[in-house]
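Protein chains: 2
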Amino acid sequence: MDYKLHNRNMKKESHTTIHDIARALNISGSTVSRALNDNSRISEKTKKAVRDMARQLGYQPNALASNLRTSCTNTIGVIIPRISRYFFSSAITGIEELARTRGYNVIICQSNDQEAREADCVQTLFASRVDGVISSIAINTENFEHYKTFTDRNIPLVFFDRVCDELETSQVVVDDFKGGFIAAEHLISKGCKRIAHIGGPQHLNIYINRLQGYLKALRKHNFEIEEELIIESLLTREDGEACAKKLLDSPNRPDAIFAANDISALSIILYAKEIGLRIPEDLAVVGFSNEPFSEYVSPSLTTIEQSGFDVGTKATELLLDIITNKTGNHQETIVLPVKLIERESSNR
Amino acid sequence: MDYKLHNRNMKKESHTTIHDIARALNISGSTVSRALNDNSRISEKTKKAVRDMARQLGYQPNALASNLRTSCTNTIGVIIPRISRYFFSSAITGIEELARTRGYNVIICQSNDQEAREADCVQTLFASRVDGVISSIAINTENFEHYKTFTDRNIPLVFFDRVCDELETSQVVVDDFKGGFIAAEHLISKGCKRIAHIGGPQHLNIYINRLQGYLKALRKHNFEIEEELIIESLLTREDGEACAKKLLDSPNRPDAIFAANDISALSIILYAKEIGLRIPEDLAVVGFSNEPFSEYVSPSLTTIEQSGFDVGTKATELLLDIITNKTGNHQETIVLPVKLIERESSNR
DNA sequence: AAATATTGTGCAATCGATTACCCTTTGTTG
DNA sequence: CAACAAAGGGTAATCGATTGCACAATATTT
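Line by line, the protein sequences are chains A and B.
Numbering of the first sequence is given in this note's numbering, commencing with residue 1 and proceeding in unit increments.
Numbering of the second sequence is given in this note's numbering, commencing with residue 1 and proceeding in unit increments.
Pasting the structure below:
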């Protein structure tokens, strides 16, 4: 409870207030306020005088006071797993860009992919009285109770990418199913016969969908589905290497792998090179995300492109619509397209 | 001026206030406030009762009200060129981590490396009444007037990485001079004879220092300094390619290049491969930053490691010290170490 | 010219937490 | 036991902007 820090040494700076303007023009504070907010009840003449004086005195509105009174902060909160992932930092760029043009600030919190920290983020954002929240859930979050802090109080909430079905909110995702499908079909078209899949945690929709898309492609082309070629992974660099070993050290190894993210695909490429497999001749690899490095790895990585920027922008659009109540439907799901980026790792 | 958006449809949610607690316990609001702030004038018994009731009612302090009164927001602002650069996103992670444990929120603004947007960020942060600001300046910022918004009002300001000497503030940098020096000396030790340098904009300290370090190494080893081997660049992917052409298409090309960032080094590697130069045999390359991709490029890139996380943490430490006025010296410069990461691109 | 509308402003309450100052108790000291 | 101190808690002003309501001045209508 006692987390407020007070700075007793703060110098009282001469922040000019509307009352300073009022005094200078010999009018009342309310008139100044209305003039600055372009209220129709104030004459143009007065407005101009106020605006000029405001400029002259270097007036900057005190958002705190205004927010307190109107009880809306013009701030949206963002919860993401980690800012250092390109997909997420692009999403933030998209979020910020749009939010800012619409007059909103953005507060960003990282969960570091940990459920407990995610709950902290929720508290922080709530305490900051954000007007709405955009979130992509931590990889190991299984319990969504903490989000009730928002939903219970009707604070708009939009999920993107890693969404949550338990809560009835709007969401923005890319077409993971289709991504999985075209990834697998691409490998099939290249003549691969035994296509493995390294999937993500199956409590997250995106990974379920990528897997399902992959399965559908196999079925469509009458491939036998081999359980042992489908592995669930945390999709980290380390775990990717473990998966690579599991799949490639076997005498009966697959001739292609579709990994649910680029990091895992990278792990596979590196391990395959280590044990002397040629890519793509002995093993074709497809990733997911089109991380910046995927273009420069050797061999360069075929992958599914998903635009973090677009996802972020869409999510913000949705959220701001809810906040300003322009739309009645607050359970929309927007699905953005994905695209296959063909590179060397599957080019045979 | 008129940028506040008001949401008339906001539902009045039952945010419990200290007065709700006060009423429930039949005491006054001030007592509740004091109890929650652990004021010594309140008895343990009362404090406990207040805390229990606060929990029971699901009380969450309204930061806005508190901030307005105390005129400190417990928020620090961050201005960075772009969040999608690994160095900067790591820095943010460092900043956030420390700030949060000290009870501060973080607002992040991206300048997209443009001076005008940087000025916007300054306005935004100022309007948010942040308690202090951490900034790394945009690559083309030449005029620092906008920062006076902070300095004039004694709002603490700390620069990191891309610092500004015109303003008298504290700063955190890595040892760019040494980085340039060891990069060049490393190439010398590998037997390179004509070492080129692709430098960054020379109004930024970091690039001046990297160049100077490089020069010192050449001088130390009695290398002739050839003007035409030193190019100033914007250090983007495209500009890097242009530089690569300029340096490598000449019949009298260098046998090594030290680039002031990894992106440029990457451009060089790609172009060199394109025109059939072998790396490192024909051309050794060293970058700067140790971006994540540099490990996976082929050949992998020798580079200078600088920890964004550490820089961010240090800058925050400095800033919070100033905010809470623990130290008198507000013009400290902290220099963090760098490290050479040897990889294939220079291994001959 | 009287009655009514319209326009332009001011007054004062309000948002929720903090805090200087004052007033009770209860405890301590000579 | 008087005198005083300390502990515990209440009152009300305050931070700066917003806004419902009242009202004066001017314009329009009948």
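Even for Gly, the Cβ is constructed at its ideal location relative to N, Cα and C.
Note that this is a predicted model, so its numbers are computed, not measured.
- Our two residues, B/ALA24 and B/SER43, have alpha carbons roughly 18 Å apart in a direct line.
- Annotated three-state conformation of A/VAL133 is strand, per DSSP.
- Short of 6 Å from the beta carbon of A/GLY132, and not among the five residues preceding or following it, lie these beta carbons of its own chain, in chain order: ILE76, PRO156, LEU319 and ILE323.
- Annotated as proximal: B/ALA196 and B/LEU229, with beta-carbon spacing under 9 Å.
- When C-beta atoms of the region 88-99 of chain B are compared with those of the region 161-171 of chain A, fewer than three pairs fall below 8 Å, so the two segments do not count as touching.
- The beta-carbon of B/ASN105 is placed less than 9 Å from the nearest beta-carbon of chain A.
- Residue environment analysis places B/ASP176 among the buried positions, since at least 16 neighbouring C-beta atoms fall within 10 angstroms of its C-beta.
- DSSP, read as helix, strand or coil, puts A/VAL286 in strand.
- Using beta-carbon distances, A/PHE293 counts as an interface residue toward chain B, with a partner under 9 Å.
- The C-alpha of B/THR169 is placed about 22 Å away from the C-alpha of B/ASN105.
- For B/GLY240, the enclosing alpha helix (DSSP H) stretches over residues 237-248.
- Between A/SER128 and A/GLU226, the alpha-carbon positions lie close to 50 Å from each other.
- Chain-order list of chain A residues neighbouring B/ASN62: ARG129, by C-beta distance under 7 Å.
- Cα atoms of A/TYR86 and B/PHE309: separation of roughly 17 Å, rounded to the nearest angstrom.
- Within chain A, no C-beta atom comes nearer than 7 Å to that of B/ILE182; the closest sits roughly 24 Å away.
- The DSSP-derived three-state label of A/LYS339 is strand.
- Exposure of B/GLN331 is indicated by the presence of fewer than 16 other C-beta atoms within 10 angstroms of its C-beta.
- Between the beta-carbon of B/THR151 and that of B/LEU167 there is about 6 Å, and that keeps the pair under the 8 Å contact cut.
- When the Cα atoms are used, A/PRO337 and A/GLN306 turn out to be separated by approximately 7 Å.
- Proximity of A/GLN171 to chain B, defined by a Cβ-Cβ separation below 9 Å, is not satisfied.
- In this model, B/THR141 and A/GLN110 are separated by some 29 Å (Cα to Cα).
- Between A/LEU204 and A/ALA244, the C-beta spacing is not below 9 Å.
- With contacts defined by Cβ atoms closer than 9 Å, B/ASN209 and B/PRO280 do not form a contacting pair.
- In this structure the region 288-308 of chain B does not touch the region 62-81 of chain B; the number of beta carbon pairs closer than 8 Å is below three.
- When secondary structure is reduced to three states using DSSP, B/PHE159 falls in the strand class.
- Proximity of chain B to A/ASN67 at the Cβ level (cut-off 8 Å) is accounted for by LEU64, in chain order.
- B/ASN37 sits away from A/LEU68, with the two beta carbons spaced by 9 Å or more.
- In this structure, the beta-carbon distance from B/ILE108 to B/ILE137 does not fall below 9 Å.
- In this chain, the beta strand (DSSP E) harbouring B/PHE258 covers 256-259.
- Per DSSP, B/ALA138 is not a residue of any beta strand (DSSP E), being assigned neither H nor E.
- Residue range 86-101 is occupied by the alpha helix (DSSP H) that includes A/ILE92.
- In the three-state reduction of the DSSP assignment, A/GLY191 falls in the coil class, being assigned neither a helical nor a strand state.
- Closest in alpha carbon position to B/ASN325, among B/ALA35, B/ASN154 and B/LYS220, is B/ASN154.
- Cβ contact annotation for A/LYS339 (same chain, cutoff 6 Å, sequence separation greater than five): GLU305, in chain order.
- DSSP, read as helix, strand or coil, puts A/GLY312 in helix.
- Taking all protein chains in view, the Cβ of B/ILE275 is surrounded by fewer than 16 other Cβ atoms within 10 Å, so the residue is classified as exposed.
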